[in-house]
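For the sequence shown, full-length UniProt numbering gives the first residue as 1, with consecutive numbering after it.
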Amino acid sequence: MTQDPSDLLRRITRLHTSLQQHTAQCCGLHSLTRCQILTILGRAGPLTLATLGRQLGADKAWMSRNVDELVREGLIDKQPGQTDRRVVVLTLTQEGQAQVRRLNTELGHQSARLLGRIPPNEQASVLRALELLADALEAECACAAEDGGPCAAS
Numbered sequence: 001m002t003q004d005p006s007d008l009l010r011r012i013t014r015l016h017t018s019l020q021q022h023t024a025q026c027c028g029l030h031s032l033t034r035c036q037i038l039t040i041l042g043r044a045g046p047l048t049l050a051t052l053g054r055q056l057g058a059d060k061a062w063m064s065r066n067v068d069e070l071v072r073e074g075l076i077d078k079q080p081g082q083t084d085r086r087v088v089v090l091t092l093t094q095e096g097q098a099q100v101r102r103l104n105t106e107l108g109h110q111s112a113r114l115l116g117r118i119p120p121n122e123q124a125s126v127l128r129a130l131e132l133l134a135d136a137l138e139a140e141c142a143c144a145a146e147d148g149g150p151c152a153a154s
């Protein structure tokens, strides 16, 4: 049965987002946005508020509100930049690092369970297809960021 690719991609996105939200809630995070902020800081190390906002595609006011909540919860430390005090530098606190480790562990278990639902002889093909899809999504996002809209295939 062949499905419409657009419908299939939306279905996958919706289901995956729902699973991610469930896992984030199990780890005490009540927002996928906060989950993304923590995981990006966990991967990239200290970042400015502006850089983090660009990576998430979010405006400064929206980012500030979410970061301020994470600061109040003791998960992020916010300091002025060393050379420019107008710049805000974000780092994970020890509790924030522990939260990211818990979240990554749970997401890893979730991914393993999900892959385990695919017949073993098809798992490599599914993973390869996901790599291709991730590459295509990254290229589309980069293209959209360059010109502010979707790009035609090259």
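Note that beta-carbon positions come from the ideal geometry of N, C-alpha and C, so glycine has one too.
Residue 89 is bridged by DSSP to 48, 79. Residue 35 counts as buried, since at least 16 other C-beta atoms from the protein chains shown sit within 10 angstroms of its C-beta.
The count of Cβ pairs closer than 8 Å, one atom from the segment 104-116 and one from the segment 70-84, stays below three, leaving the stretches out of contact. Contact check for residue 48 against residue 87 passes: the beta carbons are separated by less than 7 Å. Within the model, the alpha-carbon separation for residue 80 versus residue 109 is close to 37 Å. Taken atom to atom, the span from the alpha-carbon of residue 19 to that of residue 13 is near 10 Å. Selection 24, 129, 42, 50 evaluated against residue 93 yields 42 as nearest (Cα-Cα).
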